[in-house]
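Going by the numbering used here, the sequence shown opens with residue 1, and the numbers climb by one from there. Quick reminder that beta carbons are idealized off the backbone N, C-alpha and C, glycines included. Computed from a predicted model, the values in this text were never measured in an experiment. To start, the structure itself, in structure tokens.
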Amino acid sequence: RANKIFDEGAKALGDALKVNQTLTTLNLQRNKIFDEGAKALGDALKVNQTLTTLDLESNQISAEGAKVLGDALKVNQTLTTLNLAFNILSDEGAKALGDALKVNQTLTTVDLENNGIFGEGAIALADALHVNTTLGTLVLGCNMLLDNEAEAFADALKVNESIRRLDVSGNRISDKGARALVDALKINRNVVSLNLESNEVYDVGVLDVEAEGGRGRLSII
């Protein structure tokens, strides 16, 4: 973490992961890893059988790196936590990860905060939730989600049974999108936390699911 690791260092770590049989957590937060480094780590994930947590927050990984990581997630059978917050994945990177989540059966937590995701990328992630059965936490705070994307996630939540925590704080969701998400929670009884903080929601009444049937442990922020 914060060790000024560049792509060459990430490549060396990737080579090590291909043969290592004990490491379970790799924290590479706040380094200088670009797409070439991410690709090396992605290639390693295709063969590594022990790593459960990969933290790449605050690097410089774009869609190209995300595509290789996405391909790796389609075959990797051990990783449960992936943190790519504060990179530059954009819509294309999010689409690649969405495709991966349709296939992956081990990830339980994915953090994509602050990656310039909106439109097609967000909808691809929402589409993945229609079929994914293992993801429990998805963080999409500080991206550029609008009501259309919120409604796509609402539709997904009506059928998804694994998501427990969805964070869409710091986006551009208005009362309409918030209402769609809250309405979905009248059907979905598994979500325990929905974070809508710092959006464009002005009618606080739309967040009151308690007044419309109650949800016990549900927390809406």
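Using three-state DSSP, classify residue i as helix, strand or coil.
i    : result
L264 : Coverage of the chain is limited to positions 1 through 221, which leaves residue 264 absent and any answer about it impossible.
E161 : coil
D203 : coil
I123 : helix
K18  : helix
G213 : For G213, the predicted model reports a pLDDT of 47, less than 50, meaning its position is unreliable; a value from the coordinates is still stated below. Coil.
K186 : coil
L181 : helix
What are the boundary residues of the beta strand (DSSP E) that residue i is part of?
i    : result
R223 : The structure shown does not extend to residue 223, since the chain is modelled only from 1 to 221, so the question has no answer here.
L138 : 137 to 139
L194 : 193 to 195
V110 : 109 to 111
Grab the span of the alpha helix (DSSP H) containing residue i for me, first residue to last.
i    : result
N148 : 147 to 157
S90  : 90 to 101
L84  : No alpha helix (DSSP H) contains L84, which DSSP labels as neither H nor E.
L41  : 35 to 45
K4   : It is not in any alpha helix (DSSP H) - K4 carries neither H nor E in the DSSP assignment.
G73  : It should be pointed out that residue 73 corresponds to Leu in this sequence rather than to Gly. Taken as a continuous stretch (DSSP letters only), the alpha helix (DSSP H) holding L73 covers 63 to 73.
To the nearest whole angstrom, what separates the beta carbons of residue i and residue j, a pair I think is in contact under 8 angstroms?
i    : j    : result
N87  : Q60  : 7 angstroms
N20  : D55  : Wrong, their Cβ atoms sit about 17 angstroms apart, outside the cutoff.
L79  : L51  : 6 angstroms
R172 : L146 : 5 angstroms
E113 : A85  : 4 angstroms
V204 : S174 : Their Cβ separation, rounded to whole angstroms, is 13 angstroms, which puts V204 and S174 out of contact at 8 angstroms.
T109 : G136 : 7 angstroms
S162 : N132 : 7 angstroms
What residues are listed by DSSP as bridge partners for residue i?
i    : result
N27  : D55
S198 : DSSP lists no partner for S198.
S219 : S193
S174 : E200
Pair every Cβ in the stretch 28 to 45 with every Cβ in the stretch 4 to 20, then say whether three or more of these pairs are closer than 8 angstroms. yes
If contact is defined by three or more beta carbon pairs under 8 angstroms, each pair taking one atom from either stretch, is the stretch 89 to 107 in contact with the stretch 155 to 171? no
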